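Under the numbering used here, the first residue of the sequence shown carries the number 21, and numbering increases by one thereafter.
Note that CB positions come from ideal geometry on N, CA and C, so glycine has one too.
Because the structure is a prediction, the values reported are computed rather than measured.
In what follows, a single structure is set out as structure tokens and then discussed.
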Amino acid sequence: MVINLATVLAGTVVNPYNNGYFQGPAEAPLEAVSACTGIFGKGAFPGYPGKVLMGKTTGASYNAVGVNGRKYLLPAMWDPQTSTCKTLL
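Below you can see the structure in the form of structure tokens.
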């Protein structure tokens, strides 16, 4: 659910007028985050999320550290300048 919320927020930020960054034809666009589904780190492929960090106490995967050391697993975003999915790691 958190990933779905992050996807919606990222889409709103980069595409507030519903005509911004997308991949593919305008009739069926993939937005900044939906173009990179399942990619969370470098080397990702279907079934493998890519290189991510692992929390020592919980064993949970993450790729970003926020306020007060909170850990998050954020999806890759489409970079229109390089035509690739960009990850944090």
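Remark: C-beta atoms of V72 and N88 do not approach each other more closely than 8 Å. With respect to K62, G75 sits apart: the two C-beta atoms are not nearer than 8 Å.
By the CB criterion at 8 Å, I59 and P95 fall inside the cutoff.
For G79, same chain residues with a beta-carbon under 7 Å away, outside a window of 5 residues either side, do not exist.
Within the DSSP bridge table, the entry for V85 names K91 as partners.
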